[in-house]
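Enquirer:
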Amino acid sequence: MSIMTYIAAIGAAQREAMVADKRVIIIGEDVESNVYGTTGESKQRAESGDFVHQFGHARVRNTPISEEAMVGAAIGAAMTGLRPIVDLSYSSFMYMAMDQLVNQAAKNRYMFGGQSSIPVVFRSAMFYGLNTGAHHSDRPYPMFMTVPGLKVIAPGSASDAKGLLRTAVDCDDPVLIFEAVPLWGQKEEVQDDEYWIPFGQARIRREGTDVTVVAISGAVPLAMKAAEQMEAKGISVEVIDPRTLVPLDIKSIIASVRRTGRLVITEPAARTCGAAAEISALVCEAAFDALKAPIKRVTALDMQVPFSPALEPQIYPTTERIVAAIQAVCAA
Amino acid sequence: MTVTGPSPETMLEMQRRMLRIRVFDERASKMVKRGQIPGTVHTSIGQEAQVVGACMALRKGDHITGNHRSHGHPIGMDSPLGPLMAELVGKATGVCKGKGGSLHLADASVGSLGESGVTGSSIPIAVGAGLSAMVLGENRVAMCFFGDGAANQGVLYESMNLASTWKLPVIFLCENNHYALSTPSHTVTAGRIVDRASGFGMPGVRVENGQNIMDVYTAVAEAVDRARRGEGPTLVEVMTYRFREHSEGLRINVDYRDAAEKAIWLARDPVVMFRDVLIAQGHATAATMDQMEADVAQEVEDCANFALQSPDPAPGVAFEDLYTEPYTLENVL
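Chains as they are written, first to last, in the working numbering: chain A, 1 to 332; chain B, 333 to 665.
1. Quick test of the definition: if touching needs 3 or more C-beta pairs under 8 Å, does the segment 460 to 467 of chain B touch the segment 427 to 435 of chain B?
2. Taking A438 (chain B) as the reference, give the member of B:G393, B:Y659 and B:P406 with the closest Cα.
3. Reducing DSSP to helix, strand and coil, say where D439 (chain B) ends up.
4. Is there at least one Cβ from chain A nearer than 7 Å to S464 (chain B)'s Cβ?
5. Terminal residues of the continuous beta strand (DSSP E) containing P406 (chain B)?
6. Would Q115 (chain A) count as contacting chain B if we go by Cβ distances under 7 Å?
7. Tell me whether V211 (chain A) is buried or exposed, calling it buried when 16 or more other Cβ atoms sit within 10 Å of its Cβ.
8. Would the beta-carbon of V120 (chain A) fall within 7 Å of that of P174 (chain A)?
9. Going by Cα to Cα distance, which pick from B:A612, B:M475 and B:R524 is closest to D394 (chain B)?
10. Out of B:S441, B:V442 and B:G446, which has the shortest C-alpha to C-alpha gap to R109 (chain A)?
11. For F477 (chain B), list the residues DSSP reports as bridge partners.
12. Show which residues of chain B have a CB atom less than 9 Å away from the CB atom of L82 (chain A).
13. Please determine, among B:G486, B:E380 and B:G408, the residue with the shortest C-alpha to C-alpha distance to S66 (chain A).
14. Where A331 (chain A) and R262 (chain A) are concerned, what is the direct C-alpha to C-alpha distance, given to the nearest angstrom?
15. Check whether the Cβ of F112 (chain A) lies closer than 7 Å to any Cβ atom in chain B.
16. What are the partner residues of R203 (chain A), as DSSP defines its beta bridges?
17. Report the option in B:I545, B:A626, B:A559 and B:L640 whose CA atom is closest to the CA atom of D608 (chain B).
18. Kindly give me the distance between the Cβ atoms of A77 (chain A) and G460 (chain B), rounded to whole angstroms, as I take these residues to be in contact under 8 Å.
19. Drop a sphere of 10 angstroms on the beta-carbon of E316 (chain A), count the other beta-carbons inside from all chains shown, and report buried for 16 or more, exposed for fewer.
20. Run through the segment 502 to 571 of chain B for me and flag every whole beta strand (DSSP E) of 3 or more residues, listed as ranges in chain order.
21. How is I85 (chain A) classed by DSSP in three states: helix, strand or coil?
22. Would the segment 645 to 652 of chain B count as touching the segment 162 to 176 of chain A if we require 3 or more Cβ pairs under 8 Å?
23. Per DSSP, which residues does M126 (chain A) bridge with? Please list them.
24. Roughly how many whole angstroms lie between the Cα atoms of Q229 (chain A) and V213 (chain A)?
25. Is the Cβ of F122 (chain A) closer than 7 Å to any Cβ of chain B?
26. Would you verify that the beta carbon of P148 (chain A) is, or is not, closer than 7 Å to some beta carbon of chain B?
27. Let me know the secondary structure DSSP gives E312 (chain A) once reduced to three states.
28. Which residues, taken in chain order from the segment 504 to 531 of chain B, show a beta carbon closer than 8 Å to some beta carbon of chain A?
29. Could you list which residues in chain B have their beta carbon closer than 9 Å to that of K18 (chain A), in chain order?
30. Consider the Cβ of A646 (chain B): report whether some Cβ of chain A lies at a distance smaller than 7 Å.
31. Note down, in chain order, each residue of its chain lying with its Cβ closer than 6 Å to the Cβ of A8 (chain A), except the 5 sequence neighbours on either side.
32. With 16 other CB atoms within 10 Å as the buried threshold, where does L390 (chain B) fall?
33. On a Cα-Cα basis, can you pick out the residue from A:S280, A:A180 and A:E194 that is closest to Y141 (chain A)?
34. Taking the C-alpha atoms as reference points, what is the distance between S256 (chain A) and C506 (chain B)?
35. Leaving aside the five residues before and after E341 (chain B) along the sequence, list all residues of the same chain whose C-beta is less than 6 Å from its C-beta, in chain order.
36. Identify every residue that forms a DSSP beta bridge with G446 (chain B).
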């Protein structure tokens, strides 16, 4: 076991995958110089651990700033024998490649009757809360949950990031992994050897009996803090991180709600048609009878992201907002 | 130049494949009118030399991607006709199990990665096939077919830049039939498409008479040879013409194509022209050509019967192939 940051865990998973399978390549903007810290041991090219040194230029490739071609080429390469990891950096850049992600990656296998599979991983970083403004701050995973054919995962911790990314690379279908940048520096004990976390298995981060809090991506640490604060007040909170959104482990969530009878869902994405909205609907359909209070969502507002540090924090979930929601459902 | 001319057998095969496209598409058109094919189809009638000349320059193991004018590309790669026609009709025996239809054919058995109904969208897919060839050290090339309309999509230029920078074995094959649906290409396209190649440091070749299959073949074979030598991509623009409307059943009240222009091109029927060449050069006789035409007519008759007599897909097929693992309703709840 090592204590590792989330971003280091992503890097470790990429290295393991590159070592394990020669068909794995990494393409993206600035991956050769390790600008984002996942294709090397440090920011220094010359030091050991550099991916270009270890795996060669053929398998670690800087791309032009051409998201559409980069994503399309990765899809074509995946259909013909490679297993690319595409580093799209900022998640808002994915919109440049929407046609390829939605019309090609998601549809080709189905539309062509299963003649090909598309084992490709699209990594993107959800910068938010970092005063980077609306073009560099986004949490777009819910919109991709509405595209059948894509798998959508959003690890909430370092150990999950490593194990889920390995599963993503070995998956024969296109996987979009959304990494919350506020989590990049968060540390956790991570196994040093290889491991794979199956998709569709939620992680119960903390057991509790009074209320279930489903927390997604960057909202996980906030929910954990809220749970600690509630414990001091005598309320026992169960925190569940679904980890993967497509497929979604709704069974574990429903089982928890049946135990607690109360549900709060929190995520950093906007409210309308978010993952929280979908989970809320599924729980209502399957376990309405178990609910002792209406479900509450603690999400970002349906608002663009303002730049100023004086403005930005208002729009996201906070520990305080989660605490308030827990208290509200427990009071009901 | 290392490309040698095609053998007489290859030339006869070119004619056979052009005929297969012609007769298949004529039949498909009729089947649309009769309501046997749902929706519409976009025929390659008139463009057979451009399609087959390009496909015949490839070999087994190479890949192609295409566009909405889709039937010719897999047929040009020698795809069996039955599953293609069954796909157009939407039957269980369709090459895509009835889930793609005319606009979205793919036939992995001949290297066809898929036609795209979205203009230009399949171009980077071919670049990816070129990338995998290079990284895996497999001596194959990839060719994307796209029209003069798609030549104005930004993704083409991103793709050309990427393929040229990485020296990938890719052929960008522009099928310039002069019209993006009803819009004359010259009214929406600045300069010549072929000249755009130089901006990306790759050779650009324009085949002025794309109705002459030997001209197409020679130009594409050179580009393929170059790609196989590791010297990177080429843009080949083939000037051609579609003989029919953009899609079958489409009625446009404005006569957007000049009658004189149309007459000139209709007189350059690639299938008729090459039949005459084969006979003139002594590779065939009128009788052997007649026999080939009869054989192809029979093959198309058989494929249509196969398609019409095939069963509908079982309803459950709609829920297969989304992911590599089975989709079950348990995934919902």
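Virtual Cβ for every residue (Gly too), placed ideally from N, Cα, C.
Expert: By the coordinates alone:
1. no
2. A438 (chain B) has its Cα closest to that of B:P406, out of B:G393, B:Y659 and B:P406.
3. strand
4. Yes, S464 (chain B) lies at the interface with chain A (some Cβ there is under 7 Å from its Cβ).
5. Unbroken run through P406 (chain B) is the alpha helix (DSSP H), G404 to G408; no beta strand (DSSP E).
6. yes
7. Burial call: buried.
8. yes
9. B:M475
10. B:G446
11. B:L505.
12. Ordered by position in chain B, the residues that pass the 9 Å Cβ test against L82 (chain A) are G460, L463, S464, V467 and L468.
13. B:G486
14. One C-alpha to the other measures close to 10 Å.
15. yes
16. A:D241
17. B:I545
18. 4 Å
19. It is worth fixing the name first, because residue 316 (chain A) is Tyr in this sequence and not Glu. Looking at its Cβ environment, which holds 16 or more other Cβ atoms inside 10 Å, Y316 (chain A) is buried.
20. 502 to 508, 536 to 539 and 566 to 571
21. strand
22. no
23. According to DSSP, which records beta bridges pairwise, M126 (chain A) is partnered with A:A180.
24. 13 Å
25. no
26. yes
27. helix
28. Taking 8 Å as the upper bound on Cβ-Cβ separation, chain A lies near no residue of the segment 504 to 531 of chain B.
29. The sequence shown places Met at residue 18 (chain A), rather than the Lys named in the question. Those do not exist, as M18 (chain A) stays about 12 Å from chain B at its closest Cβ, beyond 9 Å.
30. So, not an interface residue.
31. none
32. buried
33. Of all alpha-carbon atoms in A:S280, A:A180 and A:E194, the one lying nearest the alpha-carbon of Y141 (chain A) is that of A:A180.
34. 58 Å
35. none
36. B:T397
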